[in-house]
Amino acid sequence: MIGKKLSIINEFEYQQWLQYLCDEIDRQRLKTVMQVNAATLQHYWWLGNDIIQKQKEKGWGAKVIDKLSVDLQKRYGNDSGYSPRNLGYMKNFVSEYPDFPFLQVPLAKIQEMPILQARLAKFTVSADGQFVQVPLAQITWYHHISLIPKVKDVALRAFYITESAIQGWNRDVMLMQIEDKYHTKARSLPNNFDSTLPPVHSDLAKAVFKDPYNFGFVDMTKVKQEKDLEDQLASKVTDFLLELGKGFSYLGKQYPLNIAGEDSKVDLMMYHTRLHCYVAIELKVVDFKPEFISKLNYYISAIDDLIKTPEDNPTIGLLLCRSKNNTKVEYAMRGMTQPLGVAAYQTQQLMEDLKSSLPSIDDLERTLEE
Numbered sequence: 112m113i114g115k116k117l118s119i120i121n122e123f124e125y126q127q128w129l130q131y132l133c134d135e136i137d138r139q140r141l142k143t144v145m146q147v148n149a150a151t152l153q154h155y156w157w158l159g160n161d162i163i164q165k166q167k168e169k170g171w172g173a174k175v176i177d178k179l180s181v182d183l184q185k186r187y188g189n190d191s192g193y194s195p196r197n198l199g200y201m202k203n204f205v206s207e208y209p210d211f212p213f214l215q216v217p218l219a220k221i222q223e224m225p226i227l228q229a230r231l232a233k234f235t236v237s238a239d240g241q242f243v244q245v246p247l248a249q250i251t252w253y254h255h256i257s258l259i260p261k262v263k264d265v266a267l268r269a270f271y272i273t274e275s276a277i278q279g280w281n282r283d284v285m286l287m288q289i290e291d292k293y294h295t296k297a298r299s300l301p302n303n304f305d306s307t308l309p310p311v312h313s314d315l316a317k318a319v320f321k322d323p324y325n326f327g328f329v330d331m332t333k334v335k336q337e338k339d340l341e342d343q344l345a346s347k348v349t350d351f352l353l354e355l356g357k358g359f360s361y362l363g364k365q366y367p368l369n370i371a372g373e374d375s376k377v378d379l380m381m382y383h384t385r386l387h388c389y390v391a392i393e394l395k396v397v398d399f400k401p402e403f404i405s406k407l408n409y410y411i412s413a414i415d416d417l418i419k420t421p422e423d424n425p426t427i428g429l430l431l432c433r434s435k436n437n438t439k440v441e442y443a444m445r446g447m448t449q450p451l452g453v454a455a456y457q458t459q460q461l462m463e464d465l466k467s468s469l470p471s472i473d474d475l476e477r478t479l480e481e
């Protein structure tokens, strides 16, 4: 281009713009997918309800489903979703969710479990104040027909619907988590989000973070100090991101911050595409100590001043410790001005479970002697 001066692209500004575009494209694509999913569920509920009504009015038995399936597939094709089995699922879907498009969960049941309160806090409460209305279109039809026979309790079902949407679980992962009784292990981590973030952002942050995290993929025999743990998490970043959950992007380890001319480094730096904020993670291979909180609060303040742009939401800090006492954590967080949470991580749980089921050396020796 003769006579025109070409400007040099600022890589940092370009990456920020690219991230914004990708986030917006993902949002628009997700919106389209969710609209299609909601329409599919609405159609199946309508058809299942009509079948139930006709069977009641006309006294038709189960054979009408086979007949209807043949005629619908003849007109719309064998892959149209109108098989006898799927029509049966549609009837069951109506029976389980008479208040479609919502699952009405009794508020009293939610209050029995803190994790349910954290996950379902963002949803609308019914006019009489007795129920929380959980949207069913958060997950697909195939999630629903697999979830219904596995989880009968409505509050737990609402939890797995919401958690599947938040974490991006496919149907198989959801079923695995149900079998593993995920709801008994996941807890809302101690945090100060209510006092440091706007209400909507606070509710989403509570849903994004959990306690404890499962680091079963880490070889703890090779971990002597924080750097060893960082290296393993960075080398197995796919496993780490899957455990953190949907929306986390890895920016690097020992992320540099130049504060008043001195170099400081954040153990792991993330960006969360749904929260639209940086997430600073500090790792500890020891039990929680109150002074850890002050250092993380310091890093969050610096990131907000030095890195965060006006388009980003406030940075959130996550402190990961080998173990913690929640009372000590809550005392340490009082007065902290930056949003942060503290979680523990578990390692080699599978080996411990396996070890408890194996015979002891003495048992083996006695068996061999016999």
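Numbering (my numbering), first residue to last: 112 to 481.
Where a beta carbon is used, it is the ideal one built from N, C-alpha and C, also for glycine.
On a predicted model such as this, the values are computed, not experimentally measured, just so you know.
Three or more beta-carbon pairs drawn from the segment 378–394 and the segment 341–354 are found closer than 8 angstroms, and the two stretches are therefore classed as touching. Of the candidates T458, Q336, A454 and Y389, the residue whose Cα lies closest to the Cα of S299 is A454. When beta bridges are read from the DSSP output, V377 appears opposite Y366. The continuous alpha helix (DSSP H) containing Y155 extends over residues E122 to K169. Boundaries of the beta strand (DSSP E) around G428: I427 to C432. By the CB criterion at 8 angstroms, Q365 and N408 fall outside the cutoff. Residue pairing by DSSP places L394 opposite L431 in a beta bridge.
According to the DSSP assignment, L451 belongs to the beta strand (DSSP E) that extends over L451 to Q457. The beta-carbon distance between L315 and R385, rounded to whole angstroms, is 7 angstroms. This is short enough to meet the 8 angstroms contact definition. Taking every protein chain shown into account, the CB of F359 has 16 or more other CB atoms within 10 angstroms, so this residue is buried. Within the DSSP bridge table, the entry for V236 names V243 as partners. Beta-bridge partners assigned by DSSP to H383: F359 and C388. Under the DSSP assignment, V319 falls in the alpha helix (DSSP H) whose first and last residues are P310 to V319. A check of alpha carbon separations from G327 across E402, Q343, L394 and L430 identifies Q343 as the nearest. If you check the CB distance, Q244 and Q222 do not come in under 8 angstroms. Rounded to the nearest whole angstrom, the C-alpha separation of R186 and G192 is 12 angstroms. At the C-beta level, V377 and Y410 come within 8 angstroms of one another. Take K406, set aside five residues on each side of it, and the residues of its chain with a beta-carbon closer than 8 angstroms to its own are E393, in chain order. A Cβ-Cβ contact shorter than 8 angstroms links L451 with I427. Using a Cβ distance threshold of 8 angstroms, P425 and D415 count as a contacting pair.
K317 is positioned such that its CB atom lies closer than 8 angstroms to that of A232.
Collapsing the DSSP output to three states places L300 in coil. It is roughly 50 angstroms from the alpha-carbon of Y253 to the alpha-carbon of N369. In this structure, M201 places its C-beta atom within 8 angstroms of the C-beta atom of G159. Contact between the segment 253–272 and the segment 300–312 is absent: fewer than three C-beta pairs spanning the two stretches fall below 8 angstroms.
Sequence-distant partners of V319 (beyond 5 residues in either direction) whose C-beta falls short of 8 angstroms from its own C-beta, in its chain, are I277, G356, G358, H383, R385 and L386. Looking at D210, P195 and Q153, the one whose alpha-carbon comes closest to that of S237 is D210. A direct Cα-Cα distance of roughly 46 angstroms separates D137 from W171. Annotated three-state conformation of N281 is coil, per DSSP.
Rounded to whole angstroms, the separation of the alpha carbons of K220 and Q153 is 27 angstroms. The C-alpha of R268 lies about 45 angstroms from the C-alpha of S375. If you check the CB distance, D423 and C388 come in under 8 angstroms. Only residues of its own chain outside the window of five on either side were considered, and among them none has a CB closer than 6 angstroms to the CB of D239.
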